[in-house]
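Data block below; observations after.
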Amino acid sequence: MATAMARKKDAIHYHELHRPAESMADEVQAGLSQTQKRLPPKLFYDRKGSELFDVITRLPEYYPTRTELGLLRCHAPEMALQLGRDSILLELGSGSSLKIRLLLEAVRPRIYVPMDISRGHLIDSAQQLARDYPWLTVHAACVDYTKPWDIPDFGPGRYNAFFPGSSIGNFEPASAVQLLQRVGQLVGHGGGLLIGVDLKKDVAILENAYNDTRGVTADFNLNMLAHINRRLGADFDPGNFTHKAIYNDRLGRIEMHLECTKDHCVRINGNAYRFRSGETIHTENSYKYSTEEFHALAARADFAPVRVWADQAGLFSIHYLEAL
Ligand code: AVI
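For the sequence shown, the numbering used here gives the first residue as 561, with consecutive numbering after it.
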């Protein structure tokens with residue numbers, strides 16, 4: 561584990577483990593140069609995108625968040641028993657740090673480490689959490705966990721990871737295995753992972769969740785273009801694109817795209833990219849896993865299943881796994 565510069569930011573320790581400028585231009589260039597244009601989903605999450613995502617999580621059509629929250633509320637004591645007390649608890653993609661609130665009193669970790677790519681959102685949420693739980697030591701880490709990453713050295717102790725929201729579904733299965741392997745290294749042999757996983761289900765329920773009637777998911781998808789404009793001085797006109805989300809049954813995933821509505825050119829960092837009407841930029845996959853499929857995936861990363869909690873309608877699952 562690497563040590564990192566920590567500084568007190570109000571009531572929290574803050575670790576900058578992410579070097580954003582270094583790769584964004586390269587990633588955008590690589591993604592838009594492919595026959596099927598692509599942009600990585602992490603580019604959704606500037607401050608506005610994080611706020612839009614928070615709105616999505618409260619939409620009637622978007623069942624994952626409220627179902628996962630229901631599971632956490634119902635089963636927090638059992639989950640806490642698995643995690644044990646006084647651990648060093650890492651949270652991947654902590655966002656607003658809302659879900660962890662349902663576990664904190666039961667788990668009473670020694671140190672809580674929220675990790676997220678959206679710096680401003682991370683710091684605000686971590687500070688609020690530290691104010692609300694004065695007994696808790698909070699080390700917020702700005703990190704891009706889609707890349708190899710390390711955490712500060714918090715010394716000996718039991719390490720657990722919390723990875724809610726089915727964000728694991730936003731990774732290609734091979735990358736999901738790599739990420740879980742990394743988590744396994746961070747928590748060490750016998751360390752725990754509590755992870756939310758969206759289940760396979762009726763296609764209409766899935767597609768409605770990503771095509772809400774208020775158009776918030778569309779705004780979230782289109783905001784990626786505004787984010788790239790601001791960060792890289794690009795000249796995307798979001799008005800030339802529309803949101804599209806469909807379930808790919810063969811691959812077991814929701815696909816989000818931005819569909820171009822007219823032929824035009826976009827300039828980014830001195831490069832020009834041609835867009836034809838009807839072509840799409842593939843912005844996100846959200847894989848859905850049955851319990852058996854997820855166990856098989858986790859096994860490839862040397863995690864053994866210990867417990868699974870799911871709602872009665874079979875919409876969402878939370879797994880507790882142990883690193884071998
Ligand atoms: C963050 N992630 C789990 C969300 C999902 O459902 O795949 C992102 C999202 N995209 C559109 N709506 C929500």
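Just so you know, even glycine gets a beta-carbon here, dropped at the ideal spot from N, CA and C.
Here the structure is a predicted model, which means the values were calculated and not measured.
Rounded straight-line distance, which links the Cα of residue j to that of residue i
{"i": "Arg813", "j": "Arg691", "result": "39 Å"}
{"i": "Cys702", "j": "Asn829", "result": "25 Å"}
{"i": "Glu576", "j": "Arg791", "result": "19 Å"}
{"i": "Gln596", "j": "Ile765", "result": "27 Å"}
{"i": "Arg836", "j": "Lys822", "result": "6 Å"}
{"i": "Ser727", "j": "Gly756", "result": "8 Å"}
{"i": "Asn720", "j": "Arg834", "result": "46 Å"}
{"i": "Gln642", "j": "Gly752", "result": "8 Å"}
{"i": "Ile671", "j": "Ala832", "result": "47 Å"}
{"i": "Leu884", "j": "Pro865", "result": "10 Å"}
{"i": "Thr697", "j": "Val776", "result": "35 Å"}
{"i": "Asp871", "j": "Arg633", "result": "12 Å"}
{"i": "Asp614", "j": "Ala778", "result": "14 Å"}
{"i": "Met816", "j": "Ile711", "result": "31 Å"}
{"i": "Thr563", "j": "Thr802", "result": "With a pLDDT of only 42 at Thr563, under the threshold of 50, the placement of this residue in the model should not be trusted; the figure read from the coordinates follows. Each residue's alpha carbon lies about 44 Å from the other."}
{"i": "Gln745", "j": "Leu619", "result": "36 Å"}
{"i": "His879", "j": "Leu754", "result": "6 Å"}
{"i": "Tyr623", "j": "Tyr849", "result": "16 Å"}
{"i": "Leu785", "j": "Phe796", "result": "6 Å"}
{"i": "Lys569", "j": "Leu682", "result": "Interpretation of Lys569 is limited by its pLDDT of 48, a score under 50 that renders its predicted location unreliable; the figure taken from the coordinates is listed afterwards. Each residue's Cα considered, the two are about 12 Å apart."}
{"i": "Thr617", "j": "Thr851", "result": "23 Å"}
{"i": "Gly680", "j": "Ile788", "result": "17 Å"}
{"i": "Glu587", "j": "Met675", "result": "21 Å"}
{"i": "Met584", "j": "Leu612", "result": "21 Å"}
Bridge partners - residue i, DSSP secondary structure assignment
{"i": "Lys804", "result": "His817"}
{"i": "Ala864", "result": "Glu882"}
{"i": "Leu754", "result": "Phe722, Tyr880"}
{"i": "Val588", "result": "DSSP lists no partner for Val588."}
{"i": "Lys597", "result": "Ile841"}
{"i": "Ser846", "result": "Ile814"}
Extent of the continuous alpha helix (DSSP H) run through residue i
{"i": "Ala873", "result": "Taken as a continuous stretch (DSSP letters only), Ala873 belongs to no alpha helix (DSSP H), as it is neither H nor E."}
{"i": "Pro637", "result": "623-643"}
{"i": "Gly744", "result": "733-747"}
{"i": "Thr777", "result": "776-792"}
{"i": "Arg661", "result": "661-667"}
{"i": "Ile616", "result": "607-616"}
{"i": "Leu766", "result": "763-769"}
{"i": "Ile683", "result": "679-692"}
Contact belief for residue i with residue j at Cβ below 8 Å, rounded distance in angstroms
{"i": "Arg598", "j": "Gly609", "result": "Not a contact, Cβ separation roughly 17 Å."}
{"i": "Ala700", "j": "Tyr574", "result": "5 Å"}
{"i": "Leu629", "j": "Leu662", "result": "7 Å"}
{"i": "Pro708", "j": "Arg742", "result": "7 Å"}
{"i": "Ser656", "j": "Ser685", "result": "5 Å"}
{"i": "Ile677", "j": "Lys761", "result": "Wrong, their Cβ atoms sit about 29 Å apart, outside the cutoff."}
{"i": "Leu782", "j": "Leu818", "result": "7 Å"}
{"i": "Tyr807", "j": "Val763", "result": "5 Å"}
{"i": "Glu839", "j": "Cys820", "result": "5 Å"}
{"i": "Phe722", "j": "Leu649", "result": "6 Å"}
Member of the options whose CA lies at the smallest distance from the CA of residue i
{"i": "Gly750", "options": "Cys825, Gly717, Glu628", "result": "Gly717"}
{"i": "Arg867", "options": "Ala794, Ala640, Gln741, Glu587", "result": "Ala640"}
{"i": "Ala861", "options": "Ala734, Ile648, Lys848", "result": "Ala734"}
{"i": "Leu759", "options": "Gly874, Lys804, Leu658, Val737", "result": "Gly874"}
{"i": "Leu631", "options": "Pro724, Glu882, Asn783, Gln738", "result": "Pro724"}
{"i": "His855", "options": "Asp871, Leu650, Asp795, Ser877", "result": "Ser877"}
{"i": "Gln687", "options": "Ile572, Gly744, Asn730", "result": "Ile572"}
{"i": "His842", "options": "Gln594, Ala666, Leu664, Ala585", "result": "Gln594"}
{"i": "Cys825", "options": "Ser846, Tyr849, Asp809, Asn800", "result": "Asn800"}
{"i": "Gln589", "options": "Ala794, Gly729, Val667", "result": "Ala794"}
{"i": "His578", "options": "Tyr705, Glu732, Pro674, Ile660", "result": "Tyr705"}
{"i": "Lys804", "options": "Glu853, Arg607, Thr773, Arg810", "result": "Thr773"}
Endpoints, beta strand (DSSP E) assigned at residue i
{"i": "Ile671", "result": "671-676"}
{"i": "Ala701", "result": "697-702"}
{"i": "Ala832", "result": "831-835"}
{"i": "Arg827", "result": "824-828"}
{"i": "Leu652", "result": "648-652"}
{"i": "His887", "result": "What the structure shows of the chain is the stretch from 561 to 884, and residue 887 is not part of that stretch, so it cannot be assessed."}
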